[in-house]
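Student: Numbering (our numbering), first residue to last: 9 to 295.
(1) Tell me whether the region 205–223 and the region 239–252 touch, counting them as touching only if at least three CB pairs, one residue from each stretch, are closer than 8 Å.
(2) Against chain C, with Cβ distances strictly below 8 Å, would residue 21 count as a contact?
(3) What's the gap between the Cα of residue 170 and the Cα of residue 47?
(4) Could you name the residues that DSSP lists as bridge partners for residue 279?
(5) Comparing C-alpha positions only, which one of 63, 55, 30 sits nearest to residue 70?
(6) Just list the residues that DSSP pairs residue 21 with in beta bridges.
(7) Just to confirm, are residue 211 and residue 221 a CB contact at a threshold of 8 Å?
(8) If distances are taken between C-alpha atoms only, which option among 29, 176, 230, 202 comes closest to residue 190?
(9) Please list, in chain order, all residues of the same chain as residue 72 whose beta carbon is under 6 Å from its beta carbon, the five residues on each side excluded.
(10) Counting only the same chain and skipping the five closest in sequence on each side, list residues whose C-beta sits under 6 Å from that of residue 101.
(11) Return helix, strand or coil for residue 77, following the three-state DSSP convention.
(12) In this structure, does DSSP put residue 126 in helix, strand or coil?
(13) Can you list, in chain order, the residues of its chain with a C-beta nearer than 7 Å to that of residue 217? Leave out the 5 residues immediately preceding and following it.
(14) Measure the alpha-carbon distance for residue 132 versus residue 200 and round it to whole angstroms.
(15) Counting pairs of beta carbons, one from the region 139–147 and one from the region 76–93, are three or more of them closer than 8 Å?
(16) Comparing C-alpha positions only, which one of 76, 105, 67, 144 sits nearest to residue 159?
(17) Closest by CA to residue 23, which one among 275, 281, 119, 135?
(18) In terms of residues, what are the limits of the alpha helix (DSSP H) holding residue 211?
(19) Throw me the rounded Cβ distance for the residue 103 and residue 270 pair, which I believe falls under 8 Å.
(20) Roughly how many whole angstroms lie between the Cα atoms of residue 27 and residue 128?
(21) Assuming residue 4 is part of the alpha helix (DSSP H), what are its boundary residues?
Below, the structure written as structure tokens:
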């Protein structure tokens, strides 16, 4: 209710202000009696143990989002840890934990305004590498999409495409690395695989990726061939897939806009809002 939201906003804004003192440019190596390293370690451990494991956590995840905005090293370490949880070979984390990490990776890549493009590309490359290795191992034997059996795969694809909805313009305009989309991410292979991720993942992400792909073809062509992509979406419209509800937890974008007014004053300057491309765009849950 409104009263609880106001209390939460007050507590978060106090904590965010403390993080500003600890990590801000005016702070020394130790501010407020706490070293940056200790504060970051405590925040990271709390996020991993409490926030990451909480289904559809509300707002508290913005503490680590804000802290990471103060240093390219911090956001690199944050993404690196999430990628390890989601995609490390022999990971002991449950599928639920890996799916949660995927959601946070995609949402952070999309929304962190201070994130360097080079860091974002490294994370995307790691996600794409895992996706293609998964296709190598499983796609030939697949006859139809199965959200229950391949839940981590679908969430990984959704994370990558969601991030691209926000970053495709920058990546497609980079003449220094014109083949990143076509030769590194190789999205045509992903979207046209037997696993057919575009039938399973969030329909809003599918639509926005399709529109972004049309708007930003780039020097090496579009991220995915538009004509083939459109034909696939038409076929998918008549395809029935069972158990899509099992991926409800992956239709979660943890860094959707912070609507708490006091806390938003800290978050908004380092936050990437969704920019509408045309009147038919959906908001991806964000203004």
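Cβ atoms here follow ideal geometry from the backbone N, Cα and C, with glycine treated the same way.
Since the structure is predicted, the reported quantities are computational estimates derived from the model, not experimental observations.
Tutor: With the structure as the only source:
(1) yes
(2) Among the protein chains of the structure shown there is no chain C, as only one such chain exists.
(3) Here residue 170 refers to the residue found at position 162 when the chain shown is read from its first residue. Here residue 47 refers to the residue found at position 39 when the chain shown is read from its first residue. In a straight line, the C-alpha of residue 170 is about 30 Å away from that of residue 47.
(4) Your numbering for residue 279 matches position 271 in the chain shown. According to DSSP, which records beta bridges pairwise, residue 279 is partnered with 120.
(5) Stepping through the chain shown from its first residue, residue 70 is reached at position 62. Of 63, 55, 30, the residue nearest in Cα terms is 55.
(6) Taking the first residue of the chain shown as 1, we reach residue 21 at position 13. Answer is none; residue 21 lacks a bridge partner.
(7) What you label residue 211 is simply residue 203 of the chain shown in a count that begins at 1. What you label residue 221 is simply residue 213 of the chain shown in a count that begins at 1. No; because the gap between Cβ atoms is not below 8 Å, this pair is not in contact.
(8) Working through the chain shown from its first residue, we reach residue 190 at position 182. Per the Cα distances, 230.
(9) Taking the first residue of the chain shown as 1, we reach residue 72 at position 64. So the list reads 51, 55, once near-sequence residues are dropped.
(10) Translated into positions along the chain shown, residue 101 becomes position 93. Excluding positions up to five away in sequence, the list reads 93.
(11) Within the chain shown, residue 77 is the residue found at index 69, counting from 1. Residue state, collapsed to three classes: coil.
(12) Taking the first residue of the chain shown as 1, we reach residue 126 at position 118. Helix, per DSSP.
(13) Here the question's residue 217 lines up with position 209 in the chain shown. Taken in chain order, the residues that qualify are 169, 172, 173.
(14) Here residue 132 refers to the residue found at position 124 when the chain shown is read from its first residue. Here residue 200 refers to the residue found at position 192 when the chain shown is read from its first residue. When rounded, the distance between both Cα atoms is 19 Å.
(15) no
(16) The residue given as residue 159 occupies position 151 in the chain shown. For residue 159, the nearest C-alpha among the options comes from 105.
(17) To locate residue 23, count along the chain shown from 1; it is residue 15. Taking only the C-alpha atoms, the option nearest residue 23 is 275.
(18) What you label residue 211 is simply residue 203 of the chain shown in a count that begins at 1. Start and end: 211–223.
(19) Within the chain shown, numbered from 1, the residue matching residue 103 stands at position 95. Within the chain shown, numbered from 1, the residue matching residue 270 stands at position 262. Not a contact, Cβ separation roughly 36 Å.
(20) To locate residue 27, count along the chain shown from 1; it is residue 19. To locate residue 128, count along the chain shown from 1; it is residue 120. Straight-line Cα distance between these residues: approximately 24 Å.
(21) A question about residue 4 goes unanswered here, because the residues of the chain that appear run from 9 up to 295.
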